[in-house]
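Worksheet: the structure to be examined is printed underneath.
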Amino acid sequence: MTNNNANTSKKITNFLLDNIVTIVFVLFVAFGFYAADGLAPSALINEVLMRFFRNGLLVLSLIIPVMAGLGLNFGIVVGALAGVNALILTRYFEMAGMGGLMLSFLVALPLALLFGYLTGKLYNKTRGQEMIAALIVSFFAEGVHLVFALFVIGGIIPVYANHRMIIPGGMGVRATFDMGQHPDLIRMPELETAGMRLAMDWLWRVNFLHAALFIAVATLIYLIVRRMLGKRNPSIAQMPTVVFFINCAVCVGFIAIAAFSLFVPGSAMGMELANVNPIPGVTALVILGFCLLTTYFTKTKLGQDCRSVGQSQHIAKVSGIDVDRTRIIATMISTVLAAWGMIIFLQEVGTVGTYTSHRMVGMFSVAAILVGGATTTKASVKNVIVGLILFHAMFVVSPAIGRYISNDEGVAEYLRTFMVYGVIGFSLGLYAWRTLKAARDKDALD
Amino acid sequence: MSQNLLEFKNVSKSYSGNQVLKNVNFDIRPGEIHALIGENGAGKSTMMNILFGMPVIHSTGGFEGSVEMEGKPVNIMSPFDAMAHGIGMVHQEFMLIPGFTIAENIKINREIPKENALNNVMSSIFGKRMKTLDFKKMNQDARVALDRLDMTIEEYTLVQGLPIGFMQFVEIAREIDKTGMKLLVLDEPTAVLTESEAERLLKAMRSLAVQGIAIVFISHRLDEIINVSDRVTVLRDGEWVATKDTKDTSAIEIAELMIGRKVSIEREEGAERELSKDIMLSIKDLHVAMPSERARGVDLEVRKGEILGIGGLAGQGKLGIANGIMGIYPAKGEVVLDGKKLPLNNTKQVLKESVAYVSEDRKGIGLLLDEPIDSNIVFTDMQVNGNFLKAFGLQDSKAISEHAKQMVIDLDIRCTSEKQHTGRLSGGNQQKVCVGRALTQKPNLLFVSEPTRGIDIGAKKLILDLLLKLSREQGMTIVMTSSELAELCSICDRIAIICEGKVAGILAPNASPAEFGLMMSGITDTDSVKEGGVS
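Right under this line is the structure:
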């Protein structure tokens, strides 16, 4: 009996330790929401959803390198730069609309593949220190980008000196350039031109409550079908019964809320939730598509090889897997996804900081996936989704907490920075501590 | 006689002039269990490296002689060639991925792709590796392989957390799942297993042999060899000694063949010397967590003034003892020096008790390679006892230099001067510097591990003579650990043999080779073996 108790308490300790980052963030957000009495739920949802779809693909690009044992790929900054450079080209020629966006994706692809290949090569040369190498390579890439955008454009590649994007004098790209306005938002036609802003997001806008209802129903069906399949085929991994019922209850709860708000007119909740902006349908589908592709990838031979390499390079090698090649491919995939993710990010934001937009991409994405419960050796689509929501909820509520602490919203900026670096530092520290402990346990006395 | 599956014909191999394999002949028939036995350095691993076409062989100029499979010469240039020829290996260190299921481990890099329209499209665009995997079929294959070994465990269990015995079976299942598997090499498969697990493994080996798979069984456990093998081949110092039908031989005979008569270093004085009755060092239930040299409960007594040898095969834990007492690796147990309990895991305190240590890891922890000889010689004494220091803790370079000069003369260290960096010295002279450093501490008890490893014959003799001189002239108590039984026999008063982390027994230096051989394989009750054997 005592033994059982000890086991249970050990299990709970392990669960807490495994999910400490996520738990801290849930508490932080809950407290922030409480502290900010003025914050309407719909406003919080709006802000979080906006950032969710904006950053989704960037964070998703981190999964495959983790699987392949490369750790958290801070090097997605290199991919982001590929995206920025593709936009420099397409915006120089004033491309607009979804067509312009597709062309930007296309231009970014070969760039990202090349950058990813080189980054992968570097990771193979810095085995064991990939994360440090990734940080440094992102600084290095910024330097190269600076030389290219400031001196090569206009200096070597001839451009129109009086183009809006070029620094007066004819050399270098301006510090910021815009993506062009969405046709529906143009107020002053003599100043604004149509462009790529929100080109994807506003292609198909879906009522939030409809989407919520649909997703909750689909998730519920998925949960039940998987459960039933698992009853017949024991090799399908099953979640514990308690977790299954909690998940189902959450789904039913969402269905109830959405249905009530939609179909009972005049309720306070319904009016509040009606304030939530429509969600960008195409962007959501693109992110969903890449979630499915990532899951599909793990089931392919290449995905299996990535997992083998990630778990043990030595065993993968003696089993005949081309370890270096597999790692390079994983880096290339990640870099391409990051490039595309950056383009999606910038079409939502609307302006491009030629020399600054890419800077925080690596840190913020890594922090987000860690908040979702990922570690340097384990990451899944679930971590990405949970992380995106929690991390950005933290962003939204931190001004309220800042006000609560010191009556100064300016503190929020420090708080955010503290949370971002704190979560990265803490996760890496925890991971290092666990690795050390495992090694010590292995060599412990009998 | 059926055709041989594999044959080594007059195979020789040398590494930069140092011959490690001399005209070895070896053959194995289909469905046979052929045991291979020999001391460390007898050539077992070199033979297996040749069989598997390891890079270490081919990057050092290949080998002489020929390897034939089913009567035809084969040219195995890489482990993958070996795999293609149906040769599989179960390593001593498991090659399993803990986060994978048993089936995934069995099928690693031999996964079965699904054949469907989507996969055909994906693979034609992105290449073969984008095909999804047929986990169902993989699980079925794994099931078949496990069933052949009478394993009932589910194939979709994670390897993480499996008992070690099961992991061994998963390794074997992975090898026999490969199509056309004809020959399986098991390298010390029972070393990590419990008795009942080992029993199961031997049973599985027999049933595999009946299914027609030939097995090369490398083991130091003589009883298992007798128990399971059809034939046994003994190697010694890179030479083929004998191949016997197991039913015509005995553990005693194999042990004798394995050790042989060593003639390289002869003992000058008689073996019997009156030993003091006083106990200098008593070790009780010492456990040391030294990776791959674990001590698991050593009980040993060292008498005043003697040279005690510690021998045994590699990996059995003999090196762990000195390292544990000196606090290099975590240790627990009781160690009493001259009636006073020694603190464990506290190197400095042990050194203070006038215990000195010459490590087997000469270049790692034995020497400061970028420092001159004189600093090396006084280093420990200065750190521990505060000698060779002037006021304010400054080094007394004059005294250091003088002392080092004396040591260079006493120990005959060949160097340009006492200021030469130790990294530039030859192995033998480096070892002398290590000994000099230990002697500077004026120890009562000296631990020496592998004193002659990696040094040439002439220097070996000098080192051994030096140890003998210290013992006889200064009455120093010496515990010498060595893999070379011959050198233990040449100077030690008693020799403790370590097997599987424990003391298997203590022998006189003039004991018979069979006695040493049996003890090294863990058979301590030599009399019972003798009765049935060919003594």
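Chains as they are written, first to last, in my numbering: chain A, 488 to 933; chain B, 1211 to 1745. For every residue, glycine included, the Cβ atom is placed at its ideal position computed from N, Cα and C. Please read all numbers here as calculations on a predicted model, not as lab measurements.
The C-beta of A/SER806 comes closer than 7 Å to at least one C-beta of chain B. Closer than 7 Å to the CB of A/THR862 there is not a single CB belonging to chain B.
Secondary structure note for B/ASN1250: it is in no beta strand (DSSP E), with a DSSP letter that is neither H nor E. Ranked by Cα distance from B/LEU1467, the options B/GLU1242, B/LEU1496 and B/GLY1727 are led by B/GLY1727.
The beta carbon of B/PHE1310 lies closer than 8 Å to those of ILE1318, LEU1368 and VAL1369 in the same chain, with the five residues before and after it left out.
Annotation: the continuous beta strand (DSSP E) that includes B/GLY1275 extends over 1274-1279.
Using a 10 angstroms sphere on the CB of B/THR1404, the tally of other CB atoms stays under 16, which defines it as exposed. Taking a beta-carbon distance threshold of 7 Å, A/ILE733 does not count as an interface residue toward chain B. A direct Cα-to-Cα measurement between B/ASN1720 and B/LYS1671 gives close to 19 Å. Apart from sequence neighbours up to five positions away, the residues of its chain that approach A/LEU609 with a beta-carbon distance below 8 Å are ALA620 and VAL624, ordered along the chain. DSSP, reduced to helix, strand and coil, places B/ASP1509 within a strand of the structure shown. The continuous alpha helix (DSSP H) containing B/LYS1615 extends over residues 1607-1621.
Straight through space, the alpha carbons of B/SER1564 and B/MET1592 are spaced by roughly 13 Å. When rounded, the separation of the alpha-carbon atoms in A/MET881 and A/LEU503 is 20 Å.
Any Cβ of chain B closer than 7 Å to the Cβ of A/THR787 would place that residue at the interface, and such an atom is present.
Contact note: A/ILE820 does not reach chain B at a C-beta cutoff of 9 Å; the least C-beta distance is about 11 Å. When C-alpha distances from A/MET618 are compared across A/ALA583, A/ILE563 and A/ILE644, the shortest belongs to A/ILE563. Contact holds between the segment 519-530 of chain A and the segment 879-895 of chain A, because three or more Cβ pairs, one in each stretch, are under 8 Å apart. Between B/PHE1290 and chain A, the shortest Cβ-Cβ separation is below 7 Å. Leaving aside the five residues that flank A/VAL907 on each side, the residues in its chain whose CB is nearer than 7 Å to its CB run, in chain order, MET850, PHE851 and ALA854. Every unbroken stretch of the beta strand (DSSP E) spanning 3 or more residues and falling wholly within the segment 636-719 of chain A is given here in chain order: 663-665.
For B/GLY1251, the closest C-alpha among the options B/LEU1695, B/PRO1723, B/MET1729 and B/HIS1295 is that of B/LEU1695.
Apart from sequence neighbours up to five positions away, the residues of its chain that approach A/SER914 with a beta-carbon distance below 7 Å are VAL508, LEU857 and THR862, ordered along the chain.
The C-alpha of B/THR1453 is placed about 19 Å away from the C-alpha of B/GLY1275.
Within chain B, ALA1499 and PRO1501 have C-beta atoms less than 7 Å from the C-beta of A/ASP930, given in sequence order. The Cβ atoms of B/ALA1532 and B/THR1632 lie no closer than 7 Å to each other.
Between B/ILE1464 and B/VAL1545, the gap from beta carbon to beta carbon reaches 7 Å or more. In this structure, the CA atom of A/ILE816 is about 32 Å from the CA atom of B/ILE1382. Annotation: B/VAL1498 to B/LEU1343 spans about 45 Å, alpha carbon to alpha carbon. Taking all protein chains shown into account, B/GLU1484 has fewer than 16 neighbouring C-beta atoms within 10 Å of its C-beta and is therefore exposed. Contact between the segment 565-572 of chain A and the segment 827-839 of chain A is present: three or more C-beta pairs spanning the two stretches fall below 8 Å.
The C-beta of A/ILE723 comes no closer than 7 Å to any C-beta of chain B. With 16 or more other CB atoms across the displayed protein chains lying within 10 angstroms of its CB, B/VAL1588 is buried.
It is roughly 55 Å from the alpha-carbon of B/ASP1703 to the alpha-carbon of A/ASP809. None of the residues of the segment 833-848 of chain A has a beta carbon lying less than 9 Å from any beta carbon of chain B.
Taking 7 Å as the cut-off, the beta carbon of A/LEU789 is found no closer than this to the beta carbon of B/ARG1320.
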